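Visitor:
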Amino acid sequence: MIQLLSARGEAGRVDFRVLGALEVWADGERLLLPGARRQRVLAALLLAPNSVVALSRLVEMTWDEEPPATAIKQLQNSVSALRERLGDIDQRLILTEEPGYRICVGKERLDSLRFAAGVADSRRHAAEGRLDRAVGVIRPALSLWRGPALDGVGTAALTRSAARLDEQRLSALELCVRWRLELGEHHEVVDDLADLVHDHPLREGLHAQLMAALDRCGRRAEALHVFHRLRTCLSEELGVGPGADIQRLHEQILRGEPRPRRDNRARAVGALPAPRSRWAVGSPVPRQLPQTIRDFTGRADHLAALDALLPPASGQAVVISALDGSGGVGKTTLAVHWAHRVQDQFPDGTLHTNLRGYGPGKPASPDEVLDDFLVALGVHPAAVPAGTGARSGLFRTLAAGRRMLIVLDNANSAEQVRPLLPGAPGCMVLVTSRDSLTGLVVTEAAHRLTLDVLSPDEALSLVVGIIGPIRAQAEPAAVENLIRLCARLPLALRIAAGRAAAYEHVSVADIVAELAEEDSKLDALSWGQDPYAAVRNVLEWSYEQLTAPQAYLFRRLGLHPGPDISTPAAAALARLPPREARQLLNALADAHLIEPVAHGRYRFHDLLRAYAEELACGHDTEDERHRALDAVLTWYSHTAHTADRQLYPTCTRLVADPAEPAHPHPVADRDHAWAWFTAERANLVAALHHAVDRTMDRYALHLVDALGFLVLMGGWEERIDTATAGLHAAQRSGQTEHEANVLLARGEALAHLQHPDAEPDLTRASALAQEAGNIHIQIAARTELGKLLRRQTRFAEALHHFDEVRVLSRGFDTGRWEAVAEGNIAELHADLGDHQQAIDHGTRSASLRHRLGDTDGEACALSAIARGWQGIGDHDTAIIHCRRAIALGRASLGSHDETLAWPLAVLATSLDRLGHVNEAIACWQEAAAIYTDRGLDADAATMHDHIRTADPVHTEPHPVSGIANNRLIR
Numbered sequence: 015m016i017q018l019l020s021a022r023g024e025a026g027r028v029d030f031r032v033l034g035a036l037e038v039w040a041d042g043e044r045l046l047l048p049g050a051r052r053q054r055v056l057a058a059l060l061l062a063p064n065s066v067v068a069l070s071r072l073v074e075m076t077w078d079e080e081p082p083a084t085a086i087k088q089l090q091n092s093v094s095a096l097r098e099r100l101g102d103i104d105q106r107l108i109l110t111e112e113p114g115y116r117i118c119v120g121k122e123r124l125d126s127l128r129f130a131a132g133v134a135d136s137r138r139h140a141a142e143g144r145l146d147r148a149v150g151v152i153r154p155a156l157s158l159w160r161g162p163a164l165d166g167v168g169t170a171a172l173t174r175s176a177a178r179l180d181e182q183r184l185s186a187l188e189l190c191v192r193w194r195l196e197l198g199e200h201h202e203v204v205d206d207l208a209d210l211v212h213d214h215p216l217r218e219g220l221h222a223q224l225m226a227a228l229d230r231c232g233r234r235a236e237a238l239h240v241f242h243r244l245r246t247c248l249s250e251e252l253g254v255g256p257g258a259d260i261q262r263l264h265e266q267i268l269r270g271e272p273r274p275r276r277d278n279r280a281r282a283v284g285a286l287p288a289p290r291s292r293w294a295v296g297s298p299v300p301r302q303l304p305q306t307i308r309d310f311t312g313r314a315d316h317l318a319a320l321d322a323l324l325p326p327a328s329g330q331a332v333v334i335s336a337l338d339g340s341g342g343v344g345k346t347t348l349a350v351h352w353a354h355r356v357q358d359q360f361p362d363g364t365l366h367t368n369l370r371g372y373g374p375g376k377p378a379s380p381d382e383v384l385d386d387f388l389v390a391l392g393v394h395p396a397a398v399p400a401g402t403g404a405r406s407g408l409f410r411t412l413a414a415g416r417r418m419l420i421v422l423d424n425a426n427s428a429e430q431v432r433p434l435l436p437g438a439p440g441c442m443v444l445v446t447s448r449d450s451l452t453g454l455v456v457t458e459a460a461h462r463l464t465l466d467v468l469s470p471d472e473a474l475s476l477v478v479g480i481i482g483p484i485r486a487q488a489e490p491a492a493v494e495n496l497i498r499l500c501a502r503l504p505l506a507l508r509i510a511a512g513r514a515a516a517y518e519h520v521s522v523a524d525i526v527a528e529l530a531e532e533d534s535k536l537d538a539l540s541w542g543q544d545p546y547a548a549v550r551n552v553l554e555w556s557y558e559q560l561t562a563p564q565a566y567l568f569r570r571l572g573l574h575p576g577p578d579i580s581t582p583a584a585a586a587l588a589r590l591p592p593r594e595a596r597q598l599l600n601a602l603a604d605a606h607l608i609e610p611v612a613h614g615r616y617r618f619h620d621l622l623r624a625y626a627e628e629l630a631c632g633h634d635t636e637d638e639r640h641r642a643l644d645a646v647l648t649w650y651s652h653t654a655h656t657a658d659r660q661l662y663p664t665c666t667r668l669v670a671d672p673a674e675p676a677h678p679h680p681v682a683d684r685d686h687a688w689a690w691f692t693a694e695r696a697n698l699v700a701a702l703h704h705a706v707d708r709t710m711d712r713y714a715l716h717l718v719d720a721l722g723f724l725v726l727m728g729g730w731e732e733r734i735d736t737a738t739a740g741l742h743a744a745q746r747s748g749q750t751e752h753e754a755n756v757l758l759a760r761g762e763a764l765a766h767l768q769h770p771d772a773e774p775d776l777t778r779a780s781a782l783a784q785e786a787g788n789i790h791i792q793i794a795a796r797t798e799l800g801k802l803l804r805r806q807t808r809f810a811e812a813l814h815h816f817d818e819v820r821v822l823s824r825g826f827d828t829g830r831w832e833a834v835a836e837g838n839i840a841e842l843h844a845d846l847g848d849h850q851q852a853i854d855h856g857t858r859s860a861s862l863r864h865r866l867g868d869t870d871g872e873a874c875a876l877s878a879i880a881r882g883w884q885g886i887g888d889h890d891t892a893i894i895h896c897r898r899a900i901a902l903g904r905a906s907l908g909s910h911d912e913t914l915a916w917p918l919a920v921l922a923t924s925l926d927r928l929g930h931v932n933e934a935i936a937c938w939q940e941a942a943a944i945y946t947d948r949g950l951d952a953d954a955a956t957m958h959d960h961i962r963t964a965d966p967v968h969t970e971p972h973p974v975s976g977i978a979n980n981r982l983i984r
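Residue numbers (our numbering): 15 to 984.
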């Protein structure tokens, strides 16, 4: 259950409404959401409830015009503001998940989910012949609508997405009317239908229903007038005439033919029975679906999506759904399972064919498939005409007026599918393919559904269903590893679990051991001689469809060390221009050999990665593979250094100078640098380890030198891990300066986490830097030593290091290190109670920082000055300095424990002393949340201690300068 803290601090329930204007309700009261951007972000998340919405998609749905360079940062700020407004302190409502965010909301808390559930339930009742119950369920679902979906939220992308909900409402309305007409309620629906026709003057289905209702009410002239009005409107607006179904209904009303009430198998309201064809030979209704599997698992979202596409009986067009996904992901299984579920809603038959687009043998030709379909529909084999055009035309003639489901499995292109499409409304076509079939989406208005690997829970259910719950409970860790090593790919899971189930002496752990061997992983995922039961074969059929340049890039991607890859990185890896690489990546994504995860970013699932790497080792020489790695590591090293200089413009700590790649990646400013590091964080860490493991020490040292951003992001453990790996490379290289630099990086992170090994690392770094003559590393190492000793209350030793740093840093570099030294000395004097000294040194530090444009450092210096004024007892002045520090800290990209949490804590102390305890508590709470987020549990505990000992009731507040303007601490 979603909870919200009210103004009284009580927990409440939150409901979201998108079927109309965007609304959020808490305990019966509407909660206002200020700011159009926040509303758009929330609306975008609620349009895809419980699914990850990529940052690139959120950008598209938030800005109509060209998004600003800081769009990602602004989105992150908007999400933080939404979490605060919705009381989502523990981030259980809006989750951060690569490559964006996911809102977790149950169907009882979101009106669109309640609506969809109601429609699905009503369809089930109708399929079982309980039309009165179906109407009773769908009408409350329709009553949830208050107006157009997300009315007034804005942006073209949001409007397009919301329009899909509006279309679902219209389809549901047509269903409801259809069922009420079948129940004989034609008098009751006339007025509602007249209003709907007025609001949707081009929707033929609604006009047909109104005509049928009026005719049944004995209002024949009005029914004919509805048709004439529609014909005039279509001609004037679109230059077309009414469709065949409604024309037949018009003719029937003109002739005065009786309108029998439909049974549950009837077609569109007002549609005539299909005419008997002169080609027919009286064959039975075709039911060509292959057998469905017994243990179908999961895919509830996709089943619901397909259910939502079922054409209403009065549909205006053929409904085409293109189900795409990678080989072995379960497209055929899903399509056949769903088709069995709904084929009773298609009384005129179910056609099925395997187009053999991927696999052994030659792909099926349209002529071959049309021959089979025509015979199934009653055409004598001798009467099948020659030529694709003639066959396709006859097929469309026979399909007209029928309600059929047509499943075209394993297509390889839109061209293979087009001749097999019926032309008249009432039919539904479900196409499966490894290709995205963009041509069908563009030219035939196909609805595209993409199938991914199973969710963890679905994968577990599948494996347990195959091996049995007893064996699964006996080897839970092995089952978990089997699911991981099979990348949750259904085909791989079925093969691996099936092998364990087939032989009692083979344990799940035995299968896992085979899968864990990288050289034989794909060998373990094959069974017998069946080519369809071997993952390598299934993947190979996709690879064989690629052009030579596409295949080359696919193999190169198998060499990439990280979890995903950007277009520029792929271009570097393949030694291609970025524009050419982008086109090839899009082709691979269309073939589902890689998966887009954000704009310009792609990833493999693990089995495809293993297959690509296997191909690279088999097709390309060792020298070619080494050159590819050399190119991509050069690109990562150079770009990381470029971004680091933007992130730390006043710092000159870098000791490496990587070569420039063939196509350097521009990093325009600090925001771009932060966004690039955020996106590439996992890849940079993986690239460093990859370089160390392969003794490519030059690249390892280049990379470790540019990973300071991990500190800003709170990645202290990662910083320790990467520095430890880099230390091996530095020691192998024999370069003292690099060894000192890596020890400094590790020592700084260890010190921050108060680890006892920090002091030896920093001491050794200082000594090596002195030996190498690197003043910069000497200063940085002794600074960190001083800060470590200060935390240990070894004040005299700490002051000695800070004074030495101040001497070394005068006239050195940009003056930044002198500012750092002055700030550290100020903090230490504040600890010792030398308040004026703290103010003086802090003021010098703040002045230097301000001159350099070092806003993070200036925030820290202002906090030190505030502590000095606190010690003197001038809390008003302390508060002024804290507010200035907090303003700078909120604009900071990272290190919020120092630039924001600390000034908040200092501010809270002064507010508390002046009696403004509630505001002090708010500051301590925010500081505690920042410390917790950064993994600084001891500091967070200190904040909570202050909160527990504060007394908001019995303290009389004193006036405080600027206390009315407390927006900075909210």
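All C-beta atoms in this analysis are idealised placements derived from N, C-alpha and C, irrespective of residue type, glycine included. Bear in mind the structure is a predicted one, so any value in this text is a computation, not a measurement.
Using the three-state DSSP reduction, which class does F30 fall into: helix, strand or coil?
Guide: Here the question's residue 30 lines up with position 16 in the sequence shown. In this structure, F30 counts as strand in the three-state DSSP scheme.
Visitor: Throw me the rounded Cβ distance for the L365 and F387 pair, which I believe falls under 8 Å.
Guide: Indexing the sequence shown from 1 puts residue 365 at position 351. Indexing the sequence shown from 1 puts residue 387 at position 373. Correct: roughly 5 Å between the Cβ atoms.
Visitor: Drop a sphere of 10 angstroms on the beta-carbon of I108, count the other beta-carbons inside from all chains shown, and report buried for 16 or more, exposed for fewer.
Guide: Counted from its first residue, the sequence shown places residue 108 at position 94. Classification of I108: buried, given that the 10 Å Cβ count is 16 or more.
Visitor: Is W352 helix, strand or coil by DSSP?
Guide: For the purposes of this step, residue 352 is identified with residue 338 of the sequence shown, where counting begins at 1. In the structure shown, W352 sits in a helix (DSSP, three-state: H, G or I).
Visitor: Identify whether N424 lies in helix, strand or coil by the three-state DSSP scheme.
Guide: In the sequence shown, the residue the question calls residue 424 occupies position 410. Strand.
Visitor: Taking the alpha helix (DSSP H) that I117 belongs to, which residues open and close that run?
Guide: Along the sequence shown, one-based indexing puts residue 117 at 103. First-last for I117: 114-117, but that is the beta strand (DSSP E), not the alpha helix (DSSP H).
Visitor: Per DSSP, I484 is paired with what?
Guide: Translated into the one-based positions of the sequence shown, residue 484 becomes position 470. According to DSSP, I484 bridges with nothing at all.
Visitor: List in chain order: all unbroken beta strand (DSSP E) runs of 3+ residues lying wholly within the segment 537-615.
Guide: DSSP runs (the beta strand (DSSP E)) wholly in the segment 537-615: 609-612.
Visitor: Going along the chain, which residues of its own chain have a beta-carbon closer than 6 Å to the beta-carbon of D658, five neighbours each way excluded?
Guide: Residue 658 sits at position 644 when you count from the first residue of the sequence shown. Cβ neighbours of D658 beyond the five flanking positions: A720.
Visitor: Less than 8 Å between the CB atoms is what I'm expecting for S427 and D449, so what's the real figure, rounded?
Guide: For the purposes of this step, residue 427 is taken as residue 413 along the sequence shown, with counting starting at 1. For the purposes of this step, residue 449 is taken as residue 435 along the sequence shown, with counting starting at 1. At roughly 6 Å, the Cβ-Cβ gap stays under 8 Å, so S427 and D449 are in contact.
Visitor: So which of D911, V119, A922 has the shortest CA-CA distance to I951?
Guide: The sequence position of residue 951 within the sequence shown is 937, counting from 1. First, the residue type needs correcting, since residue 951 is Asp and not Ile in the sequence shown. D951 has its Cα closest to that of D911, out of D911, V119, A922.
Visitor: L391 and P399 look like a contact to me (Cβ under 8 Å); what is the Cβ gap, rounded to whole Å?
Guide: Here residue 391 is taken as the residue at index 377 of the sequence shown, counted from 1. Here residue 399 is taken as the residue at index 385 of the sequence shown, counted from 1. About 14 Å separates the two Cβ atoms, so there is no contact after all.
Visitor: Give the range of the alpha helix (DSSP H) segment to which T653 is assigned.
Guide: For the purposes of this step, residue 653 is identified with residue 639 of the sequence shown, where counting begins at 1. Note, T653: alpha helix (DSSP H), 636-661.
Visitor: Can you have a look at S556 and say buried or exposed, based on whether 16 or more other CB atoms are within 10 angstroms of its CB?
Guide: The residue given as residue 556 occupies position 542 in the sequence shown. S556 comes out buried.
Visitor: Can at least three beta-carbon pairs, one atom from the segment 142-150 and one from the segment 172-185, be found at a separation below 8 Å?
Guide: Not touching, per the Cβ criterion.
Visitor: Secondary structure at N755, three-state DSSP: helix, strand or coil?
Guide: Walking along the sequence shown from the start, residue 755 turns up at place 741. In the structure shown, N755 sits in a helix (DSSP, three-state: H, G or I).
Visitor: Assuming contact is defined by CB atoms lying nearer than 8 Å, are P514 and I497 in contact in what I supplied?
Guide: As a first step, residue 514 is located in the sequence shown; it is residue number 500 there, counting from the start. As a first step, residue 497 is located in the sequence shown; it is residue number 483 there, counting from the start. Looking at the sequence provided, one finds Ala at residue 514 rather than Pro. Against a cut-off of 8 Å, the Cβ pair of I497 and A514 comes out as no contact.
Visitor: For the candidate residues D637, A689, D817, A852, whose alpha-carbon lies nearest to that of K8?
Guide: Nothing can be reported for residue 8: it is not among the residues displayed for the chain, which extend from 15 to 984.
Visitor: Looking at the unbroken beta strand (DSSP E) that takes in V204, where does it start and where does it end?
Guide: On the sequence shown, residue 204 is found 190 positions in, with the first residue counted as 1. No beta strand (DSSP E) holds V204; the alpha helix (DSSP H) holding it covers 200-213.
Visitor: With C-beta atoms as the reference, is L928 less than 8 Å away from A899?
Guide: For this step, residue 928 is matched to residue 914 along the sequence shown. For this step, residue 899 is matched to residue 885 along the sequence shown. No, they are not a contact pair.
Visitor: Quick one: Cα of E122 to Cα of V133, how far?
Guide: Residue mapping note: residue 122 aligns to position 108 of the sequence shown, counting from 1. Residue mapping note: residue 133 aligns to position 119 of the sequence shown, counting from 1. Rounded to whole angstroms, E122 to V133 spans 14 Å at the Cα level.
Visitor: Three-state secondary structure (DSSP) at A964?
Guide: On the sequence shown, residue 964 is found 950 positions in, with the first residue counted as 1. Correct three-state label for A964: coil.
Visitor: I'd like the span of the beta strand (DSSP E) that includes S447, first residue to last.
Guide: Position 433 of the sequence shown, counted from the first residue, corresponds to residue 447. Note, S447: beta strand (DSSP E), 442-447.
Visitor: Select from A601, H139, H212 the residue whose C-alpha is nearest the C-alpha of W193.
Guide: Walking along the sequence shown from the start, residue 193 turns up at place 179. W193 has its Cα closest to that of H139, out of A601, H139, H212.
Visitor: So, do the segment 98-113 and the segment 53-68 have three or more beta carbon pairs nearer to each other than 8 Å?
Guide: Yes: the two stretches touch, three or more of their Cβ pairs being nearer than 8 Å.
Visitor: If you compare alpha carbons, which of R405, S379, L463 is closest to V431?
Guide: As a first step, residue 431 is located in the sequence shown; it is residue number 417 there, counting from the start. Nearest C-alpha to V431: S379.
Visitor: Name the two residues that bound the continuous beta strand (DSSP E) containing R513.
Guide: What you label residue 513 is simply residue 499 of the sequence shown in a count that begins at 1. First-last for R513: 504-516, but that is the alpha helix (DSSP H), not the beta strand (DSSP E).
Visitor: Verify whether the separation of the beta carbon atoms of I480 and G453 is less than 8 Å.
Guide: Translated into the one-based positions of the sequence shown, residue 480 becomes position 466. Translated into the one-based positions of the sequence shown, residue 453 becomes position 439. Cβ atoms of I480 and G453: not closer than 8 Å.
Visitor: So, using beta-carbon positions, are L726 and A772 closer together than 8 Å?
Guide: Sequence index remark: in the sequence shown, residue 726 carries index 712 (1-based). Sequence index remark: in the sequence shown, residue 772 carries index 758 (1-based). Going by C-beta atoms, L726 is not nearer than 8 Å to A772.
Visitor: Taking just the CA atoms, how far does D362 sit from G440?
Guide: Locating residue 440 in the sequence shown gives position 426, where the first residue counts as 1. Locating residue 362 in the sequence shown gives position 348, where the first residue counts as 1. Going by the C-alpha atoms only, they are around 10 Å apart.
Visitor: Taking the continuous alpha helix (DSSP H) assigned at H677, which residues delimit it?
Guide: Along the sequence shown, read from residue 1 onward, the residue named residue 677 stands at position 663. That residue, H677, is in no alpha helix (DSSP H); it is neither H nor E in DSSP.
Visitor: Who are the Cβ neighbours of V299 in its own chain at under 8 Å, not counting the five residues just before and after it?
Guide: Taking the sequence shown and counting its residues from 1, the one referred to as residue 299 is at position 285. Contacts found: P361, D362, G363.
Visitor: Bridge partners for D338 per DSSP, in chain order?
Guide: For the purposes of this step, residue 338 is taken as the residue at position 324 of the sequence shown. The partner list for D338 (beta bridge, DSSP) reads S447, T464.
Visitor: Hey, could you find the ends of the alpha helix (DSSP H) I894 is sitting in?
Guide: Within the sequence shown, residue 894 is the residue found at index 880, counting from 1. Run containing I894: 889-904, per the alpha helix (DSSP H) assignment.
Visitor: Below 8 Å on the Cβ atoms is my guess for H677 versus A585; work out the distance and round it to an integer in Å.
Guide: Here residue 677 refers to the residue found at position 663 of the sequence shown. Here residue 585 refers to the residue found at position 571 of the sequence shown. Contact holds; Cβ gap of about 6 Å.
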